[in-house]
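Asks:
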Amino acid sequence: MNTSIKRSIALVLPVTLLALSCSKNDPVNNADNATLKTEVLANISANVCAASYDDMYAKTQELQAAVTTLNTTPTDANLATARTKWKAIRTTWEQSEAWLFGPVESGNIDPRIDTWPVDFNALETILNSSDVLNEAYVDGLDDALKGFHPIEYILWGQNGTKTAAQLKPREKDFLAALTQNLVKLSKEVKDSWTNGYKDQLANAGKGSSEFTTQQAAFVQIADGMAGICGEVADSKLKEPFDQQDPNLEESPFAKNSITDFTNNIKGIMAIYQGNFAADGKGVEDVVRANNLSLDAEIKSKHAAAIAALDAIDKPFGEAIISEQSKVQNAMNKITELAEVLDGKLKPFLVQYTK
Amino acid sequence: MRKTTIAVLFILATMVALQVACRKADSISPDDNPDSEWLSGGSQTAFDQGGGAFSHAFASLPANLVRIHEIGDGQFNATFVSAPAPLNPGLGPVFNNVSCGSCHVADGRGKVPGVGESAANMLFRLSIPGEGEHGNPVPVPGYGDQLQSRALLGKPREGDIAITYTETTYHFADGATYKLRAPTYTFTALYTTMPGNVMLSPRVAAPIFGLGLLEAISDNTILANADADDKDGDGISGKPNMVWDVLKSQKVLGRFGWKANQPTLLQQVAAAYNGDIGITNFLFPKESSEGQTQFDSDPNSKSYELTDSLLHSVQFYVRSLAVPARRIATDAKVVEGKGLFKSAGCIKCHKADMRTGVDVSLPQVSNQLIHPFTDLLLHDMGAGLADNRPDFLATGTEWRTAPLWGIGLTQKVNGHTNFLHDGRARNLMEAIMWHGGEALSAKNKVNNMSKSERDALVAFVESL
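Residue numbers (our numbering), protein chains in the order written: chain A, 332 to 685; chain B, 10 to 473.
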C-alpha cells in the first residue's frame with residue numbers, strides 16, 4: 332500500500348465519521364433537507380416550468396391580437412408591434428428550453444413549433460396556391476411550414492426589411508392561421524403541464540409515476556440545464572461557425588439568434604434559482620445548504636457565459652465571419668458552464684437528493 | 010472399502026458439481042456475477058433514468074469521436090426540406106417523415122397513431138408475392154417496398170393507412186381478464202391502383218440505442234443459438250435471416266429491423282434516409298420514387314443528397330449510443346420476476362447474455378458482456394402476430410426477437426407504452442399475451458400464473 336492511499340484513508344475516515352455523526356446527531360437537519368427538496372420541486376414545477384408555459388400561452392394570444400390588428404390596419408407601427416410580440420414569445424420559449432423534458436418532448440410539441448429550416452419552396456407554393464388558409468390547414472402541414480419561423484419569415488421578410496405595405500393578402504391569411512396554430516399548440520403544452528405533469532414533477536418520490544424518486548427528478552432537471560448548454564455551444568453556435576456559413580443560422584430574418592442563445596442560458600439560472608416570474612425555492616437552495624463554493628462556481632460560470640454572449644455585438648450571421656474570437660469565447664464559456672453542471676452539479680444532486 | 014467409498018463420494022461430488030455448472034450455463038447468468046446485471050450495455054452503460062436515457066454517447070469515446078457523434082446527432086435531427094434550399098435540401102418527393110429524429114423521438118420507440126391520425130412514427134412495408142434477385146421481397150409496381158404517406162406540396166402522396174382495432178376480452182387461468190386489440194389496416198387515398206395481392210407489414214420506429222453493441226456480436230455467437238429445424242426438440246427454432254448486403258454484394262446474416270432484414274447499421278441508416286425521407290446516398294443512389302409520377306428528373310443533380318461523411322456520422326451516432334442501466338435488480342419482486350421469466354421459458358429467445366466480439370476499429374464495443382435480452386434470430390410468433398409478408402428468409406409468421414433492454418423506460422422517454430412491431434400492445438402484459446407460435450408454451454405459463462406472479466414478471470421486464 333502506498334502512502335497516497337494511506338493518506339486518503341486517513342482523510343476519508345474522519346470525514347466519514349463526521350458525516351455519520353452529523354446525520355446521527357442532527358435529525359432536524361435531515362428533516363429540513365427533505366422538506367426543502369419537496370419545496371424546491373413544488374416551486375420549480377409550478378412557478379418555473381408550468382408558469383413558463385402559462386406565460387408563453389398568454390404571449391401567443393397577444394401576438395394573435397397584434398396580427399389581427401396588423402391585418403386590418405397594415406401600418407408599420409402595427410407591424411413593429413407584431414414583431415415585438417413575436418420576440419416576447421421567443422424570450423419565454425428559449426428560456427423554457429433549459430427544461431426541455433416532459434410533454435414538450437414526449438408530445439412532440441417542439442418540432443411542431445420550432446422547426447428550422449423553413450421550406451421556402453413549399454411556402455411559396457402555398458402562398459401562390461388557392462388553398463384555403465386556416466388553422467386546420469396549417470395543422471396538417473409539415474413541421475418545416477409552421478411554428479415560429481414561417482411567422483418570422485412573413486413578419487420580417489427574407490432580408491429583414493419588410494414593410495407593412497408589402498404584406499400580401501395571402502400572406503396575411505397565412506400569418507393569421509400560423510399564429511392561431513401556435514396559440515393552439517402552446518395551449519396544448521400548458522394544459523399538459525397544468526393537468527398532470529406539474530404534479531408528476533412536484534410529487535417525485537411521493538407517488539409520481541414519472542419520477543419514482545426525488546433524485547430522478549433532480550437529475551432530470553440537471554440534465555435539462557446541461558443539455559441546453561450543449562445544444563447552444565455544440566450545435567447552434569458551432570455549426571454555422573465551423574462551416575462559416577450564415578445560411579445555417581437559426582432565426583436569421585429577425586436577426587434574433589444571439590438573443591435566443593442568451594435566453595437559453597438565462598433559462599438555466601431561472602430553474603437553478605427557482606425564479607422565473609417570481610423568486611422561490613430552486614436547485615440553488617439545495618446546493619447552498621451543503622456546498623457554497625459549488626453555488627458560487629455555477630453562478631460565476633453562468634455570468635461569464637452570459638457576458639461572453641453579450642459581447643457579440645453584431646448579428647450572429649455576421650459575427651461568425653467578423654467576430655470570430657468573440658463567438659469562440661462564447662462557446663468556450665458555455666462549455667465551461669456545461670462542465671460544471673454535468674460534472675459537479677449533477678453528481679452533487681445524485682448524492683444529496685437520495 | 011473405505012477408499013472405494015471416498016472414491017465414489019468424490020465421483021458423486023464431481024457429478025453434482027458438473028451438473029451445477031451445466032445448470033448455470035442456461036440460467037440468467039448475471040446471477041453468477043451480480044455486478045454485471047445492472048450494466049445492460051457492459052462498459053457502455055449510461056446511468057440516466059430520465060427522458061434522455063436513450064441519448065447518451067458511449068462514456069469512453071475520445072474527443073474526436075465525441076465530435077463525430079455530435080455531428081451525427083445534429084444530422085439525425087436535421088429537418089430536410091424541398092430542394093433547392095440553402096440548408097438540408099432534397100426531401101422527398103415522397104417520404105414518411107422529414108428527419109430521423111421525428112420518428113425515432115428521443116432515440117426511442119415510435120408511437121402508434123390515434124384514431125383518425127396519420128401514421129407519423131411507423132411505416133408500412135409493401136410487396137407482392139415472389140422473390141427478387143437477391144431473395145428480397147418484390148416491390149409493388151407504382152409504390153416500391155414501402156408506402157410513403159407524405160409528399161412535397163403539389164405532388165400526390167402514395168396513400169395512407171387507416172387503422173381500426175377490434176378488442177377482445179380474454180381470461181387468465183385465475184379468472185382475471187385482459188383485453189387485446191387486433192389491428193385492421195385499410196388503404197386510403199391511394200394515388201394509383203394497388204394490386205390485389207399486395208402484402209403489407211406495419212413497422213413501428215424502434216429504439217436505436219445499443220445497436221453498435223449488437224452489431225459487434227460476431228456472426229458465430231448468434232449462429233451458435235440457431236436451431237432452425239429445432240433439432241434439440243425444445244420447441245424453439247431460432248432461425249438466422251440471410252439478407253443482401255448492398256456494399257459487399259453478397260448475402261450475409263441479417264440482424265437489424267423487426268424481421269432482421271438489414272445486415273449493418275450503415276445499410277440500415279442509408280436505406281432509411283432513402284426510403285423514409287427521400288434522401289439519396291452512395292448506397293442507395295436512386296430516389297425511391299423513380300419510375301413513379303412524383304419523380305422529377307433533375308439533370309443538374311448529379312451528386313447524392315447526403316454526403317458520405319454525413320451518412321457515416323449518423324451511422325456512428327447510432328453505433329455509439331449507450332444502453333441505459335437497469336434501475337432496480339435486487340428488489341425481491343424483480344428477483345421473483347426474473348425467476349419466472351426464466352421458468353416460463355421467455356429466456357430461451359430473449360437471451361439475457363451476449364458477448365460482443367473484438368472490433369479493433371472501435372475498442373469501446375469490443376469484448377463486452379451485454380444483456381440485450383435477444384438472440385437476434387427469427388422465431389415463429391404464431392398467426393395472431395403474423396404479417397404474412399416474407400422478408401428474405403423470414404416467413405410471414407416469423408419475427409426477430411426484440412431486444413428488451415431499456416424497455417421499462419419507454420413511458421419516461423416516449424410518453425407511451427405501445428409495444429410489438431405495430432404498437433398494438435398497450436402495455437407489457439398485453440405484449441406478452443400476444444406471443445404465440447414458438448412462444449405459446451411460455452405464454453401459457455404466464456396465463457397460469459397468479460396475479461402476484463404476473464406483477465413480478467412485469468416488474469422484472471420493467472426493470473430492464
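Quick reminder that beta carbons are idealized off the backbone N, C-alpha and C, glycines included.
Source: prediction; values computed, not measured.
Measure the Cβ-Cβ separation of proline 216 of chain B and tyrosine 194 of chain B and say whether it is below 8 Å.
Replies: Locating residue 216 of chain B in the second sequence gives position 207, counting from the first residue. Locating residue 194 of chain B in the second sequence gives position 185, counting from the first residue. Against a cut-off of 8 Å, the Cβ pair of tyrosine 194 of chain B and proline 216 of chain B comes out as no contact.
Asks: Which stretch, first to last residue, makes up the beta strand (DSSP E) that contains asparagine 97 of chain B?
Replies: For the purposes of this step, residue 97 of chain B is identified with residue 88 of the second sequence, where counting begins at 1. Counting along the chain, asparagine 97 of chain B falls outside any beta strand (DSSP E), and DSSP gives it neither H nor E.
Asks: Over the uninterrupted alpha helix (DSSP H) stretch that includes alanine 533 of chain A, give me the two end residues.
Replies: Within the first sequence, residue 533 of chain A is the residue found at index 202, counting from 1. Per DSSP, the continuous alpha helix (DSSP H) segment holding alanine 533 of chain A begins and ends at 529 to 533.
Asks: Which stretch, first to last residue, makes up the beta strand (DSSP E) that contains histidine 180 of chain B?
Replies: As a first step, residue 180 of chain B must be located in the second sequence, where it is residue number 171. Residue range 169 to 180 is occupied by the beta strand (DSSP E) that includes histidine 180 of chain B.
Asks: Round the Cβ separation of lysine 268 of chain B and alanine 403 of chain B to the nearest angstrom and send it over; I've been treating them as touching at under 8 Å.
Replies: By one-based count along the second sequence, residue 268 of chain B stands at place 259. By one-based count along the second sequence, residue 403 of chain B stands at place 394. Lysine 268 of chain B to alanine 403 of chain B, Cβ: 4 Å. Contact.
Asks: Contact criterion: CB-CB distance below 8 Å. Does glycine 60 of chain B meet it with respect to chain A?
Replies: The residue given as residue 60 of chain B occupies position 51 in the second sequence. Contact with chain A is found for glycine 60 of chain B, since one of that chain's Cβ atoms lies less than 8 Å from the residue's Cβ.
Asks: If we call anything under 8 Å between Cβ atoms a contact, is histidine 78 of chain B one with tyrosine 313 of chain B?
Replies: As a first step, residue 78 of chain B is located in the second sequence; it is residue number 69 there, counting from the start. As a first step, residue 313 of chain B is located in the second sequence; it is residue number 304 there, counting from the start. No, the pair does not count as a contact, with Cβ atoms beyond the cut-off.
Asks: Can you give me, in chain order, the residues of the stretch 637 to 653 of chain A that have a beta carbon less than 7 Å from any beta carbon in chain B?
Replies: none
Asks: List, from N- to C-terminal side, the beta strand (DSSP E) runs of 3 residues or more that fit wholly inside the stretch 253 to 288 of chain B.
Replies: 259 to 263
Asks: Count the C-beta pairs between the stretch 368 to 387 of chain B and the stretch 110 to 129 of chain B that are closer than 8 Å, then say yes if the count reaches three, no if not.
Replies: no
Asks: Along the chain, where does the alpha helix (DSSP H) containing proline 165 of chain B start, and where does it finish?
Replies: Along the second sequence, read from residue 1 onward, the residue named residue 165 of chain B stands at position 156. Following the DSSP letters along the chain, one finds proline 165 of chain B in no alpha helix (DSSP H), marked with neither H nor E.
Asks: Which whole runs of the beta strand (DSSP E) in the stretch 396 to 431 of chain B are 3 residues long or more, in chain order?
Replies: Here the runs fully enclosed are 407 to 409.
Asks: When burial is assigned at 16 or more other CB atoms within 10 Å of the CB, is threonine 422 of chain A buried or exposed?
Replies: Here residue 422 of chain A is taken as the residue at index 91 of the first sequence, counted from 1. So threonine 422 of chain A counts as buried.
Asks: Please name the residues in the stretch 269 to 297 of chain B whose beta-carbon is closer than 7 Å to at least one beta-carbon of chain A, in chain order.
Replies: none
Asks: Per DSSP, lysine 248 of chain B forms a beta bridge with which residues?
Replies: What you label residue 248 of chain B is simply residue 239 of the second sequence in a count that begins at 1. DSSP output for lysine 248 of chain B lists B:Leu387 as bridge partner(s).
Asks: Strictly under 8 Å for the Cβ-Cβ distance: is alanine 392 of chain B near chain A by that measure?
Replies: The sequence position of residue 392 of chain B within the second sequence is 383, counting from 1. Not one chain A Cβ lies under 8 Å of alanine 392 of chain B.
Asks: Touch check for the stretch 568 to 576 of chain A and the stretch 393 to 402 of chain A: three-plus C-beta pairs under 8 Å?
Replies: no
Asks: Taking Cβ positions only, does valine 332 of chain B come closer than 8 Å to chain A?
Replies: Translated into positions along the second sequence, residue 332 of chain B becomes position 323. Cβ-Cβ to chain A under 8 Å: no for valine 332 of chain B.
Asks: CB-CB under 8 Å to methionine 387 of chain A, same chain, minus the five flanking residues each way: which ones, in chain order?
Replies: As a working note, residue 387 of chain A is residue 56 in the first sequence. Answer for methionine 387 of chain A: Ile420, Thr423, Trp424, Ser427, Ser517, Val520, Lys521, listed in chain order.
Asks: Which word fits threonine 175 of chain B, buried or exposed, when buried means at least 16 other C-beta atoms lie within 10 angstroms of its C-beta?
Replies: As a first step, residue 175 of chain B is located in the second sequence; it is residue number 166 there, counting from the start. Threonine 175 of chain B is exposed by the Cβ-count criterion.
Asks: To the nearest angstrom, report how far apart histidine 633 of chain A and lysine 529 of chain A are at their CA atoms.
Replies: As a working mapping, residue 633 of chain A is identified with position 302 in the first sequence. As a working mapping, residue 529 of chain A is identified with position 198 in the first sequence. Distance between the alpha carbons of histidine 633 of chain A and lysine 529 of chain A is about 27 Å.
Asks: Hey, would you say aspartate 285 of chain B sits closer than 8 Å to asparagine 423 of chain B, going by beta carbons?
Replies: Numbered from its first residue, the second sequence carries residue 285 of chain B at position 276. Numbered from its first residue, the second sequence carries residue 423 of chain B at position 414. Going by C-beta atoms, aspartate 285 of chain B is not nearer than 8 Å to asparagine 423 of chain B.
Asks: Do alanine 413 of chain A and leucine 486 of chain A have their beta-carbon atoms positioned less than 8 Å apart in this structure?
Replies: Taking the first residue of the first sequence as 1, we reach residue 486 of chain A at position 155. Taking the first residue of the first sequence as 1, we reach residue 413 of chain A at position 82. Yes, these two residues count as a Cβ contact at 8 Å.
Asks: If you measure between the beta carbons of alanine 475 of chain A and threonine 510 of chain A, is that distance less than 8 Å?
Replies: Position 144 of the first sequence, counting from 1, holds the residue named residue 475 of chain A. Position 179 of the first sequence, counting from 1, holds the residue named residue 510 of chain A. Going by C-beta atoms, alanine 475 of chain A is not nearer than 8 Å to threonine 510 of chain A.
Asks: When the distance is taken between beta carbons, is glycine 59 of chain B closer than 8 Å to asparagine 86 of chain B?
Replies: Reading the second sequence from its first residue, position 77 is the one you call residue 86 of chain B. Reading the second sequence from its first residue, position 50 is the one you call residue 59 of chain B. Not a contact, by the Cβ cut-off of 8 Å.
Asks: Check whether the Cβ atoms of leucine 640 of chain A and threonine 593 of chain A sit closer than 8 Å, and answer yes or no.
Replies: As a working mapping, residue 640 of chain A is identified with position 309 in the first sequence. As a working mapping, residue 593 of chain A is identified with position 262 in the first sequence. Yes, they are a contact pair.
Asks: Mind checking whether alanine 62 of chain B and leucine 330 of chain B have CB atoms under 8 Å apart?
Replies: Numbered from 1 along the second sequence, position 53 holds the residue referred to as residue 62 of chain B. Numbered from 1 along the second sequence, position 321 holds the residue referred to as residue 330 of chain B. The answer is no: Cβ separation not under 8 Å.
Asks: Determine whether the Cβ of leucine 473 of chain B lies closer than 8 Å to any Cβ atom of chain A.
Replies: Taking the first residue of the second sequence as 1, we reach residue 473 of chain B at position 464. At a cut-off of 8 Å between beta-carbon atoms, leucine 473 of chain B makes no contact with chain A.
Asks: Leucine 320 of chain B and glycine 415 of chain B - do their beta-carbons sit closer together than 8 Å?
Replies: Stepping through the second sequence from its first residue, residue 415 of chain B is reached at position 406. Stepping through the second sequence from its first residue, residue 320 of chain B is reached at position 311. In this structure, leucine 320 of chain B does not lie closer than 8 Å to glycine 415 of chain B by Cβ.
Asks: Distance check for isoleucine 379 of chain B and leucine 222 of chain B, CA to CA, integer angstroms please.
Replies: Counting from 1 along the second sequence, the entry for residue 222 of chain B is found at position 213. Counting from 1 along the second sequence, the entry for residue 379 of chain B is found at position 370. Each residue's Cα considered, the two are about 8 Å apart.
Asks: Closer than 7 Å, Cβ to Cβ, to anything on chain A: give me those residues from the stretch 82 to 116 of chain B, in chain order.
Replies: Near chain A, meaning a CB-to-CB distance below 7 Å, the residues of the stretch 82 to 116 of chain B are Gly83, Thr88, Val90, Ser91, Ala94, Pro95, Leu96, Asn97, Val107, Ser111, Val114, Ala115.
Asks: Between the stretch 346 to 357 of chain B and the stretch 453 to 460 of chain B, can you find at least three pairs of beta-carbon atoms closer than 8 Å?
Replies: yes
Asks: Taking C-alpha atoms, which residue in A:Gly536, A:Asn663, A:Pro500, A:Asp462 lies nearest to threonine 366 of chain A?
Replies: If you number the first sequence from 1, residue 366 of chain A lands on position 35. Among A:Gly536, A:Asn663, A:Pro500, A:Asp462, the Cα nearest to that of threonine 366 of chain A is on A:Gly536.
Asks: Given valine 367 of chain B, which residues of its chain have a CB within under 7 Å of its CB, disregarding the five upstream and five downstream residues?
Replies: Counting from 1 along the second sequence, the entry for residue 367 of chain B is found at position 358. Result list for valine 367 of chain B: Ser375, Asn376, in chain order.
Asks: For the alpha helix (DSSP H) that contains methionine 662 of chain A, what are its first and last residues?
Replies: Mapped onto the first sequence, residue 662 of chain A falls at position 331. If you look at methionine 662 of chain A, you'll find it in the alpha helix (DSSP H) that goes 655 to 671.
Asks: On the three-state DSSP scale, how would you describe serine 376 of chain A?
Replies: In the first sequence, the residue the question calls residue 376 of chain A occupies position 45. In the structure shown, serine 376 of chain A sits in a helix (DSSP, three-state: H, G or I).
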